[in-house]
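Residue numbers (this note's numbering): 103 to 352.
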């Protein structure tokens with residue numbers, strides 16, 4: 103198995119620290135950017151993008167932000183929505199627009215192959231096994247960007263306000279050497295404005311998210327990730343240290 107030593111990660115807006123939030127949308131990352139050589143490699147060599155959804159559920163946190171014993175309700179969707187496949191394609195398309203030579207892992211491997219070859223974890227981080235590495239190298243691919251996330255969560259903050267949050271980790275591997283190269287993460291936390299954005303009160307959130315095979319949940323997830331690909335700081339391009347973006351602070 104490939105040894106994976108994570109870079110130092112400073113998570114932002116961890117609950118209950120989220121009570122300090124004042125912005126409508128905020129993100130944070132603490133890792134240094136990728137080396138210029140690796141960035142150039144992602145632009146000129148075949149790069150596989152794989153999004154793994156290890157949760158298969160969204161979570162609602164109840165109770166008050168400053169009180170002990172919050173409740174957490176987990177609502178599974180994995181029997182209805184194959185989030186990993188759709189989000190692999192989404193991220194591959196957005197990374198191609200950033201200039202990477204990116205394609206979804208599902209363009210090369212079947213659903214069953216991906217399920218079989220991507221299940222191993224080391225301290226919660228994905229493991230590039232020799233079988234997965236060989237399967238992707240056989241498709242003339244040189245790099246793997248493996249994306250994992252926290253799933254989408256909703257929680258209360260001050261004065262009855264509700265927020266939604268996603269943590270996303272990006273791992274980069276060199277398939278030619280089967281080496282882990284880099285890990286960076288983004289977090290996004292936003293106040294829920296369903297009444298304004300989608301015409302739904304928070305009391306109707308379950309119905310909004312779940313109906314029509316979780317159409318509302320998908321809309322929220324893709325809305326958040328579209329925001330992370332916007333130009334500027336706290337974006338995917340910024341995290342990867344691409345030219346024209348402000349460099350992430352160490």
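Heads up, the beta-carbon is just placed ideally off N, CA and C, and yes, glycines get one too. All figures in this text were calculated on a predicted structure; none of them were measured in a lab.
Express the C-alpha separation of residue j and residue i in angstroms, rounding to a whole number.
i           : j           : result
residue 149 : residue 331 : 18 Å
residue 273 : residue 317 : 28 Å
residue 184 : residue 137 : 33 Å
residue 179 : residue 200 : 30 Å
residue 321 : residue 217 : 25 Å
residue 335 : residue 291 : 15 Å
residue 210 : residue 241 : 7 Å
residue 230 : residue 134 : 22 Å
residue 186 : residue 208 : 10 Å
residue 144 : residue 203 : 6 Å
residue 344 : residue 280 : 24 Å
residue 205 : residue 159 : 26 Å
residue 342 : residue 326 : 18 Å
residue 319 : residue 309 : 10 Å
residue 237 : residue 173 : 42 Å
residue 162 : residue 175 : 5 Å
residue 282 : residue 153 : 16 Å
residue 102 : residue 155 : No information on residue 102 is available, as it lies outside the stretch 103 to 352 that the chain covers here.
residue 195 : residue 340 : 17 Å
residue 233 : residue 225 : 20 Å
residue 182 : residue 315 : 6 Å
residue 333 : residue 197 : 12 Å
residue 222 : residue 286 : 20 Å
residue 190 : residue 312 : 22 Å
residue 147 : residue 338 : 19 Å
residue 264 : residue 248 : 30 Å
residue 275 : residue 246 : 5 Å
residue 177 : residue 188 : 19 Å
residue 329 : residue 193 : 12 Å
residue 268 : residue 235 : 28 Å
According to DSSP, is residue i helix, strand or coil?
i           : result
residue 182 : coil
residue 146 : helix
residue 233 : helix
residue 344 : coil
With which residues is residue i paired in a DSSP beta bridge?
i           : result
residue 138 : None; residue 138 has no bridge partner.
residue 153 : 249
residue 359 : Shown here, the chain extends from 103 to 352; a query on residue 359 therefore has no answer.
residue 176 : 161
residue 257 : 265
Below 8 Å on the Cβ atoms is my contact criterion, and I expect residue i with residue j to pass it. Report the Cβ-Cβ distance as a whole number of Å.
i           : j           : result
residue 270 : residue 256 : About 17 Å; that fails the 8 Å criterion.
residue 141 : residue 284 : About 10 Å separates the two Cβ atoms, so there is no contact after all.
residue 244 : residue 277 : 5 Å
May I have a chain-ordered list of the beta strand (DSSP E) segments no shorter than 3 residues that lie completely inside the region 183 to 218? 204 to 206
Mind pulling the beta strand (DSSP E) runs of 3 or more residues that sit fully within the region 265 to 339? 281 to 293
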